[in-house]
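Encoded as structure tokens, the structure appears first; notes follow it.
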DNA sequence: ATAGGGTTAG
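Set out below in structure tokens:
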């Protein structure tokens, strides 16, 4: 066979190549005929291993390293592959500097890929450097480079630069227009985004999707809903944008609604839409719904996708079922990513199995995966929630000393929580004072939470003073401090807090509790208008409370607290949402079955007491997931031991 | 000399 015949055969089999093994066979064949040095062949091999086939980047790097003089195409292909991988974000730029040193001329592709890499790492410094190189080589007004410049500056939060880059594109196409609209949404500039959308000379489906993503991103959910209703066509991205957008803003009912509508229209859910709906399940505690979705996903094969399995694992864990979370992790997950390990560690931590979380971390290392900064947050969280102070300290230092991962504010926060929860308040305070970065409100709030658990009035007052420097104030901080005063019997201070809460500008979180009955999610929201469900719950609650009173429940002791902790309701009759939810559960579920409730804020003392009493008097197991942990009530006791 | 690659939305 002639060389050109061989080459044609090779090219043909490369275009059919679907796996790394297949690629290696073709590569071996190429070396037999000496065609493995042909630039066209190497280029195709590189393209497949770096950008098309999954997990073949190492192979691409090895291939690249033996090419004596790589051409721009090869460099570009590897730069793209590396920036899409989990290699450190500066690696694409190292390749570019090698390219420069070897005098390989960059082209428009080179700058498009590099700018995307800069955008991914949100690094304005890198982005500007690449920009100036693009100018030097005369590619800055190139349509593709210009468009990527627009989105790079947008990702770095600089609309003015993005606008300049857009204006420099001689003939912007619809893609460039879409990019500049996105840029305005990134800085919450809805007005100009809308103006550009109206002005643009042509639109494609992505233009509408850009608007949907922009609206949901800035929290304009009703604008998104209207546009979604009126847009000329919808594709899977439009649907998942709505589901994810509504779920991420706590509008679970709407997220479920869009998902149901998608099914009703005969469309198949994809990995994005199921991830979104699972996130709604996870946040709201919709366990049964999650299980049904799981069944469908097994049939459709979606559950083998790592991101989907991670979402499923997370939903099970947050709905209270560590067993099902384990099952997904151990048996059903196709390939585990670092996110999968992190999720499982967080799941174990959430359920108080700190020791198992640490074991799992070690196991991950044995599998040869390198830990990142995020997994240490889960790990430190695991330590603090299981009282493993020494282990936490150990990991905190190892992450920098052994793994070379820089501490972020979240890691410092975990350490404050670690010391604080364990009652080492002085150590916690000392740690905050010696932190190398400026403590934020979350750090102080964590410390305040610890003061609340351990009843340290003096430190709490000091911390509250630090917190008052942050604007606007948070109602949760006032609630915590008033709890601390109330437990210490300082009723006058409790009253003062209440007064200042009314006077100062305080950000109030509306409290809600949810419960799933017969696969339907019921949300009880403070201040919500009355409805038949709420009336039913309220009626049952009155009945339960009167029985509890006969059994010795004395709400008077906590009445002042109760008053303070009212979820921003002035109405004296209105009740805490978790009490309504539990009463609704008692009314609608059969004796003997457990009741699971999810609350978005911390559970208050009075509600906690009521849950304990119900679990004893009615012999019901109740699980409450609140902002900080799971509470499992059984026979009059709570798994938290009354500290939370 | 030849071909092989790109930008925006979840």
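In the numbering used here, the protein residues as written are 305 to 948. Each residue gets a CB set at the ideal place from its N, CA and C atoms; glycine is no exception.
In terms of residue numbering, what span does the alpha helix (DSSP H) encompassing residue i cover?
i, result
"residue 601", "591-604"
"residue 660", "658-670"
"residue 512", "509-521"
"residue 485", "478-490"
"residue 1012", "Outside the shown range of the chain, which is 305 to 948, sits residue 1012, and nothing can be said about it."
"residue 724", "713-725"
"residue 687", "677-689"
"residue 609", "Residue 609 -> no alpha helix (DSSP H), and no H or E assigned at all."
"residue 755", "745-758"
"residue 459", "447-459"
"residue 912", "909-921"
"residue 440", "428-440"
"residue 548", "540-552"
"residue 462", "Residue 462 -> no alpha helix (DSSP H), and no H or E assigned at all."
"residue 401", "395-405"
"residue 495", "494-503"
"residue 794", "Here residue 794 belongs to no alpha helix (DSSP H), and DSSP marks it neither H nor E."
"residue 771", "761-771"
Name the two residues that bound the continuous beta strand (DSSP E) containing residue i.
i, result
"residue 939", "Per DSSP, residue 939 belongs to no beta strand (DSSP E) and is neither H nor E."
"residue 826", "824-829"
"residue 818", "816-821"
Return the chain-ordered list of same chain residues with a C-beta closer than 7 Å to the C-beta of residue i, the five sequence neighbours on each side being excluded.
i, result
"residue 643", "614"
"residue 685", "650, 653, 718"
"residue 364", "350, 353, 354, 382, 385"
"residue 848", "887, 890, 918"
"residue 806", "none"
"residue 592", "820, 823"
"residue 510", "482"
"residue 688", "696, 718, 721, 722, 725"
"residue 461", "490, 491"
Hey, residue i and residue j are a contact pair by Cβ (cut 8 Å); roughly how many whole angstroms apart?
i, j, result
"residue 891", "residue 838", "12 Å between Cβ atoms; not a contact."
"residue 752", "residue 773", "So it is not a contact: roughly 13 Å between Cβ atoms."
"residue 398", "residue 357", "The Cβ separation is near 23 Å, so there is no contact."
"residue 580", "residue 544", "6 Å"
"residue 976", "residue 457", "Outside the displayed range of the chain (305 to 948) lies residue 976, so it cannot be described from this structure."
"residue 645", "residue 673", "7 Å"
"residue 881", "residue 817", "4 Å"
"residue 690", "residue 656", "6 Å"
"residue 531", "residue 516", "6 Å"
"residue 924", "residue 906", "With a Cβ gap of about 22 Å, residue 924 and residue 906 do not count as contacting."
"residue 514", "residue 491", "The Cβ separation is near 15 Å, so there is no contact."
Going by beta carbon distance, what residues of the same chain come within less than 6 Å of residue i, once the five residues before and after it are set aside?
i, result
"residue 703", "680, 709"
"residue 540", "574"
"residue 937", "915, 916, 919, 926"
"residue 414", "380"
"residue 943", "936"
"residue 692", "658"
"residue 855", "921"
"residue 576", "544"
Would you identify the three-state DSSP class for residue i, choosing helix, strand or coil?
i, result
"residue 706", "coil"
"residue 927", "strand"
"residue 639", "coil"
"residue 324", "helix"
"residue 857", "coil"
"residue 572", "coil"
"residue 694", "helix"
"residue 879", "coil"
"residue 415", "helix"
"residue 474", "coil"
"residue 948", "coil"
"residue 872", "Reliability fails at residue 872, whose pLDDT of 39 lies under 50, so the model's placement of it is uncertain and no value is given."
"residue 373", "coil"
"residue 630", "helix"
"residue 741", "coil"
"residue 835", "coil"
"residue 645", "helix"
"residue 530", "helix"
"residue 623", "coil"
Since residue i sits in a beta bridge, which residues does DSSP pair it with?
i, result
"residue 778", "811"
"residue 902", "818, 929"
Using C-beta distances below 8 Å, list every residue in its chain close to residue i, excluding the 5 sequence neighbours before and after it, in chain order.
i, result
"residue 523", "553"
"residue 761", "755, 788, 789, 792, 794"
"residue 345", "311, 314, 315, 318, 334, 339"
"residue 596", "823"
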